[in-house]
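J.: The sequence shown: position 85 = 86 (this note's numbering), numbered continuously. Idealized CB from N, CA, C, for every residue including glycine. Quick one: structure below, then a few questions.
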Amino acid sequence: MWLSQISKVYSIAFKRMKIVMDFRKYDGVVGGVEQGIIELTRYVSGKGHHVIILCKKHRFAETEGIFEDCSNVTTVPLPCRSHSMSLKNAWLDSVTIQNIASQEGAGIIHFPYNWSFPFRKKVPSILTVHDVIPFTFREAMGFFRNHLLYRRGTREACRLNNLITTVSEYSKHELITKVGVSAERIKVIPNGIRELTEPDEEIEKSLKARFDLERGFILNVGGIHERKNIVRLIHAFSKLVREDGYRGKLVITGAVSSNAYLRKMKKRCDRAVKEAEMSERVIFTGFIPDKELDSLLKHADLLVYPSLCEGFGMPVIEAMQAGTPVVTSNIGGTAEVAGDAAVLVNPYSIDEIAEGMSKLLHDTSLREELKRRGKERAGAYSWSKTGEEYLELYKELSIEA
Numbered sequence: 002m003w004l005s006q007i008s009k010v011y012s013i014a015f016k017r018m019k020i021v022m023d024f025r026k027y028d029g030v031v032g033g034v035e036q037g038i039i040e041l042t043r044y045v046s047g048k049g050h051h052v053i054i055l056c057k058k059h060r061f062a063e064t065e066g067i068f069e070d071c072s073n074v075t076t077v078p079l080p081c082r083s084h085s086m087s088l089k090n091a092w093l094d095s096v097t098i099q100n101i102a103s104q105e106g107a108g109i110i111h112f113p114y115n116w117s118f119p120f121r122k123k124v125p126s127i128l129t130v131h132d133v134i135p136f137t138f139r140e141a142m143g144f145f146r147n148h149l150l151y152r153r154g155t156r157e158a159c160r161l162n163n164l165i166t167t168v169s170e171y172s173k174h175e176l177i178t179k180v181g182v183s184a185e186r187i188k189v190i191p192n193g194i195r196e197l198t199e200p201d202e203e204i205e206k207s208l209k210a211r212f213d214l215e216r217g218f219i220l221n222v223g224g225i226h227e228r229k230n231i232v233r234l235i236h237a238f239s240k241l242v243r244e245d246g247y248r249g250k251l252v253i254t255g256a257v258s259s260n261a262y263l264r265k266m267k268k269r270c271d272r273a274v275k276e277a278e279m280s281e282r283v284i285f286t287g288f289i290p291d292k293e294l295d296s297l298l299k300h301a302d303l304l305v306y307p308s309l310c311e312g313f314g315m316p317v318i319e320a321m322q323a324g325t326p327v328v329t330s331n332i333g334g335t336a337e338v339a340g341d342a343a344v345l346v347n348p349y350s351i352d353e354i355a356e357g358m359s360k361l362l363h364d365t366s367l368r369e370e371l372k373r374r375g376k377e378r379a380g381a382y383s384w385s386k387t388g389e390e391y392l393e394l395y396k397e398l399s400i401e402a
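This is how it looks when you write it as structure tokens:
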């Protein structure tokens with residue numbers, strides 16, 4: 002018995018594994034979750050392991066294109082139009098995907114986006130739950146959908162998978178206290194960080210001209226959802242302008258679609274701008290591509306990110322990587338990610354947000370110190386480190402099975 006176990010450990014440790022990776026979240030736009038899956042797949046496949054990518058059937062050609070530079074990757078289409086919680090996706094999780102994994106001789110299935118329902122497991126599975134924000138902020142989710150579908154579905158998904166990974170100790174605590182997952186079934190593996198694009202003078206000039214940024218600007222990244230705390234930020238910025246004499250602008254990035262919830266949030270933001278009499282100083286850029294975002298990150302006077310609830314807070318680390326000082330919340334995942342490399346403020350206090358920005362703008366030595374600490378902090382996050390931790394986890398679960 003022990004000889005066969007040693008043989009299995011040796012085989013998995015030194016031979017090529019097969020990993021089934023769920024990419025159904027992808028729907029034409031590479032967001033943070035999709036980018037994480039891409040980077041993880043590149044790392045694992047680059048180590049000689051075979052990754053089987055599962056995607057929506059109508060996104061098959063695009064998905065193949067995304068992974069065309071990866072060796073050891075096979076793309077398999079699935080008959081689904083959405084990755085929402087549904088009976089159809091539960092069937093795919095429990096039957097179709099299990100059969101694919103079994104037929105391919107895969108050692109593990111990784112479901113990297115918040116839910117999956119493998120009622121009938123043939124292969125061990127990992128579920129990555131990035132956060133459980135809807136347990137605190139329903140935002141666009143209706144009451145009944147939140148309580149009857151999302152919350153129950155999240156608890157069931159966590160129960161059904163062999164192991165849960167998440168991106169921060171904060172999210173782990175939320176999974177324990179709000180979802181009821183036992184601590185020993187959760188492993189924290191932080192996100193990696195993408196490489197920022199090279200500086201481009203033409204893009205910089207274009208942005209300055211388009212948004213009139215010659216006098217400098219404070220940047221906020223991440224959109225206008227309720228938890229992003231944009232209304233308080235606008236009033237804090239107004240206080241900075243009136244009492245501190247700041248001459249630059251507040252630039253807020255993020256898509257504002259025709260979605261009813263986002264329209265509602267935009268109206269709230271517009272009302273706050275009007276009340277604060279900041280219509281000439283606050284800019285909503287809408288969606289902007291990475292190259293433009295990276296230019297804004299590198300040239301901003303500071304990043305302000307006073308979110309009320311985040312599992313991780315990627316903009317904080319990206320700003321630090323760019324050498325831009327940061328003001329962020331003293332609660333949630335942002336405080337954990339920022340550590341001592343940012344000015345931390347109470348996001349519910351307009352005065353504290355304004356004071357935090359003022360402090361960074363006027364204290365040159367603090368700015369330089371936080372830039373230094375921020376660079377060091379950002380250096381601790383990489384997709385190769387994240388990939389290695391997941392690869393070890395894949396091996397462990399395969400051995401236990």
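Tell me the DSSP secondary structure of G108 in three-state form.
T.: coil
J.: Thinking C-beta only, is V274 closer than 7 Å to I235?
T.: For I235 and V274, yes; Cβs fall inside 7 Å.
J.: For D213, count the other beta carbons within 10 Å of its own beta carbon; 16 or more makes it buried, fewer makes it exposed. Which is it?
T.: When all chains shown are included, D213 counts as exposed.
J.: Assign T167 to buried or exposed, taking buried as 16 or more other Cβ atoms, counted over all protein chains shown, within 10 Å of its Cβ.
T.: buried
J.: Could you check where the alpha helix (DSSP H) with L161 kicks off and where it finishes?
T.: Under the DSSP assignment, L161 falls in the alpha helix (DSSP H) whose first and last residues are R152 to L161.
J.: So, are the CB atoms of V346 and G334 less than 7 Å apart?
T.: no
J.: For the alpha helix (DSSP H) that contains N90, what are its first and last residues?
T.: L88 to W92
J.: Which word fits L309, buried or exposed, when buried means at least 16 other C-beta atoms lie within 10 angstroms of its C-beta?
T.: buried
J.: In angstroms, rounded to a whole number, what distance separates the CA positions of I20 and E105?
T.: Taking C-alpha positions only, I20 is separated from E105 by approximately 9 Å.
J.: Helix or strand or just coil, what does DSSP make of I165?
T.: strand
J.: Could you check where the beta strand (DSSP E) with L263 kicks off and where it finishes?
T.: Note, L263: premise wrong, no beta strand (DSSP E); alpha helix (DSSP H) at A261 to A277.
J.: Starting from T75, trace the beta strand (DSSP E) in both directions and tell me its first and last residue.
T.: Note, T75: beta strand (DSSP E), V74 to L79.
J.: Assuming K372 and G324 form a contact by the criterion Cβ under 8 Å, report the distance between their Cβ atoms to the nearest whole angstrom.
T.: 5 Å
J.: Can you give the Cα-Cα distance for L150 and K173, rounded to whole angstroms?
T.: 21 Å
J.: Go through its chain and collect everything with a Cβ distance to H131's Cβ below 8 Å, but skip five positions before and after it.
T.: Cβ neighbours of H131 within its own chain (closer than 8 Å, five residues either side excluded): V34, Y114, N115, T167, V168, S172, G312 and F313.
J.: Please state the DSSP three-state secondary structure of K48.
T.: coil
J.: Report the residue from S83, I54, P80 and F61 whose alpha carbon sits nearest the alpha carbon of C71.
T.: With respect to the C-alpha of C71, the residue from S83, I54, P80 and F61 having the closest C-alpha is I54.
J.: Straight-line CA distance for D201 to F288?
T.: 19 Å
J.: By how many angstroms is the C-alpha of P307 removed from the C-alpha of F120?
T.: 39 Å
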